[in-house]
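Residue 264 in our numbering is what sits at position 258 of the sequence shown, and the numbering runs on without skipping anything. From the three backbone atoms N, C-alpha and C, an ideal C-beta is built for every residue, glycine too. Nothing here was measured: the structure is a model prediction, and the numbers come from that model. Written below as structure tokens is the structure these notes are about.
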Amino acid sequence: MKRYVAMGAVMMGVWLGTGAAAQAHGLWGHVHVTGWAAENLPQGELKAFLSEPEVFNALLFGAAFTDSGYFPQGGELARKSRAYSEHSHWEPFIADFIAWIKSNDPPPWQTLESRKRVAFLMGCASHGLQDEVFDSLFLPQVGFHDDGGQDEADPASDGFMALDMLIRFEPEQDLPMETLLELYQPLGEEITEDVILRSVRPMMSFYVNHRVGIDVARGQGMIGQDRLPWTRLHYMDPSVPGSLRAEIFPTMRYLQALWARLHGRFEGTQVVISAYPELPRRLRGADPASPDSWVTLLFGAAPRYEQAALSWGLTESPEQAVDFTKRNTRWGDPWPRLIRLTPNEPLEPGGWYTVELGAGVETIDGPVTQDPFEITFQVACDDPDDDACPDLGPLPEATIEPRDDFPHRPPTPDAGPDAQDAQDDAADAMPPELEDDAEHAEPDAPQGEEDAEPVPPNASNGASSGGKGGCSQTGGAPAPMGPGALIWAMWVIWRAKRRAPKGAPSP
Ligand SMILES: [Zn+2]
Numbered sequence: 007m008k009r010y011v012a013m014g015a016v017m018m019g020v021w022l023g024t025g026a027a028a029q030a031h032g033l034w035g036h037v038h039v040t041g042w043a044a045e046n047l048p049q050g051e052l053k054a055f056l057s058e059p060e061v062f063n064a065l066l067f068g069a070a071f072t073d074s075g076y077f078p079q080g081g082e083l084a085r086k087s088r089a090y091s092e093h094s095h096w097e098p099f100i101a102d103f104i105a106w107i108k109s110n111d112p113p114p115w116q117t118l119e120s121r122k123r124v125a126f127l128m129g130c131a132s133h134g135l136q137d138e139v140f141d142s143l144f145l146p147q148v149g150f151h152d153d154g155g156q157d158e159a160d161p162a163s164d165g166f167m168a169l170d171m172l173i174r175f176e177p178e179q180d181l182p183m184e185t186l187l188e189l190y191q192p193l194g195e196e197i198t199e200d201v202i203l204r205s206v207r208p209m210m211s212f213y214v215n216h217r218v219g220i221d222v223a224r225g226q227g228m229i230g231q232d233r234l235p236w237t238r239l240h241y242m243d244p245s246v247p248g249s250l251r252a253e254i255f256p257t258m259r260y261l262q263a264l265w266a267r268l269h270g271r272f273e274g275t276q277v278v279i280s281a282y283p284e285l286p287r288r289l290r291g292a293d294p295a296s297p298d299s300w301v302t303l304l305f306g307a308a309p310r311y312e313q314a315a316l317s318w319g320l321t322e323s324p325e326q327a328v329d330f331t332k333r334n335t336r337w338g339d340p341w342p343r344l345i346r347l348t349p350n351e352p353l354e355p356g357g358w359y360t361v362e363l364g365a366g367v368e369t370i371d372g373p374v375t376q377d378p379f380e381i382t383f384q385v386a387c388d389d390p391d392d393d394a395c396p397d398l399g400p401l402p403e404a405t406i407e408p409r410d411d412f413p414h415r416p417p418t419p420d421a422g423p424d425a426q427d428a429q430d431d432a433a434d435a436m437p438p439e440l441e442d443d444a445e446h447a448e449p450d451a452p453q454g455e456e457d458a459e460p461v462p463p464n465a466s467n468g469a470s471s472g473g474k475g476g477c478s479q480t481g482g483a484p485a486p487m488g489p490g491a492l493i494w495a496m497w498v499i500w501r502a503k504r505r506a507p508k509g510a511p512s513p
């Protein structure tokens, strides 16, 4: 067990501590936002297509696969893994994948293999969109309210899902390997089947499974709920742009856009698929110092950023322009899936504004937009009882189906046969480059001194405190041994071994 604890700690620690250029909210978040988006689709051919169990699994696995190259690897393998993983996040890869399918395996897709390949593409694409949204919109909220950053918010958001018992999708590995190898050829790295399999394996063994992954996430949640109290309350708040729940409808509309792109039906006029504020909601705030004042357009096919001409003015008198800054996704990209408008002056509470995107923007698939896009919205009033801001009534929210039969097993002192299986998986998946490190790692390694003090797994019942929705975790406080202790050891070693924070990109 000690060997397993040490290995798991190092593996997860290196993964969590390393970060990645486009790695954002946790994998359980990606898998579930994508699954919930599919479940919220209106009745029709796409919903029917994704309802086939193997196809739905491929969708969910694609949503996890995108981060597989960030799991701990060493040396040359790490470089190659990160190269394919990073590339898989962005629209150029998605556009190439769509073009490949249209050329080599156009619709209708008669074989299961074909249908799974399409769904896998959609999962990868959904993951990339969610990273852009979460990083560009929700992380600034976490920084504003909790003074927290990506290294804390990413694992915590998964952790809160575990504490709130929202985890129920557990995808199985299913790769369109030959297609991927072909698509990765231009990368300038030799991406082989072995590279991909050795990257996917630790992801599946250490995290994307109910035997270990939910316990790890739960431990992250217990830590995160004390450190990030605002995030704990709002990570599923549909009114906060970029929260997991607020990502569901945009992801659903992106799935529809991808379906249309695959069928050659995506018109330039449909290019903006969603926006924050998500009408009929109001813009959350008028203060330019707060991300609540930002307006964001989301795209079903990436626009050439530099060509996007935007204007923002009062609806009644458009000549009264708002002084604003046009901003790319947090990471910057010539082909982003979102564009932000951040005001440089206070807005008028209760005021009505119109934002316009001019026509003539090239999209990544080639078409140029023929018509302008316009969104008109109201800024929230300072006083919620202000007559200028009447109650909006019930607002549209994505549906999240509960599933009580998912194995949310409470931690027990006797980890049982499942843990033994996971231990075997962990030992098998351990890259040789890290085995020496793991052998010498000790659970009581010196603890980092800064910010979040970890909560010992037996110190409090984190699952039921401080969060919305509550948690009916039947085990009460996690037991001091077993998976809880594993998580504790992981955290301690992670903090001790953690690298210096990566350079923060300019927003
Ligand atoms: Zn990612």
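query, result
"Distance cut-off 6 Å: D137 Cβ against heavy atoms of ligand 1", "yes"
"Residues near A308 by beta carbon distance below 7 Å, same chain, minus five either side", "E97, W341, P342, R343, T369 and I370"
"Pair within 7 Å by beta-carbon distance, R336 and D141", "yes"
"Cα-Cα separation, R259 to E188", "28 Å"
"Local conformation of E368 per DSSP, three classes", "strand"
"Residues sharing a beta bridge with A281, DSSP", "L303"
"Same chain only: Cβ atoms within 6 Å of W265, ignoring 5 sequence neighbours per side", "L52"
"CB contact flag (A64, V37, <7 Å)", "no"
"Endpoints, the beta strand (DSSP E) within which L532 is located", "Given that the chain is displayed from residue 7 to residue 513, the structure contains no residue 532 and the question cannot be resolved."
"Pair within 7 Å by beta-carbon distance, V214 and L289", "no"
"Collapsed DSSP secondary structure at Y359 in the structure displayed", "strand"
"Coil, strand or helix - S514 by DSSP", "One cannot answer for residue 514 here, as it falls past the ends of the chain, which runs 7 to 513."
"Presumed contact (8 Å Cβ cut-off) between T72 and S87, rounded CB distance", "Not a contact, Cβ separation roughly 12 Å."
"Cα-Cα separation, S299 to A131", "28 Å"
"Helix, strand or coil at T3 [DSSP, three-state]", "With the chain represented from 7 up to 513, any question about residue 3 goes unanswered, as that position is not in the structure."
"Start and end residues, alpha helix (DSSP H) containing F77", "That residue, F77, is in no alpha helix (DSSP H); it is neither H nor E in DSSP."
"7 Å CB neighbourhood of G364 in its chain, flanking five on each side removed", "A315 and P378"
"Sequence-distant residues of the same chain with beta carbon closer than 6 Å to G291, five excluded per side", "D298 and S299"
"Span of the alpha helix (DSSP H), counted from its first residue to its last, around I100", "E97 to N110"
"Endpoints, alpha helix (DSSP H) assigned at A257", "With the sequence shown as reference, residue 257 is identified as Thr, and Ala is not the correct amino acid for it. It spans I254 to L268 - the alpha helix (DSSP H) in which T257 sits, taken as one unbroken run."
"Exposed unless 16 or more other CB atoms sit within 10 angstroms - verdict on D200", "exposed"
"Endpoints, the alpha helix (DSSP H) within which E322 is located", "Per DSSP, E322 belongs to no alpha helix (DSSP H) and is neither H nor E."
"Status (buried if at least 16 other CB within 10 Å, exposed otherwise) for L145", "buried"
"Beta-ladder partner(s) of T331, from DSSP", "T348"
"7 Å Cβ cutoff, M258 in contact with chain C", "Absent from the structure: chain C. Only one protein chain is present."
"Buried versus exposed call for R85 [16 or more other C-beta atoms within 10 Å across all chains shown]", "exposed"
"Other residues of its chain near E253: CB distance less than 6 Å, five sequence neighbours each side excluded", "V39, Q136 and V139"
"Status (buried if at least 16 other CB within 10 Å, exposed otherwise) for S57", "exposed"
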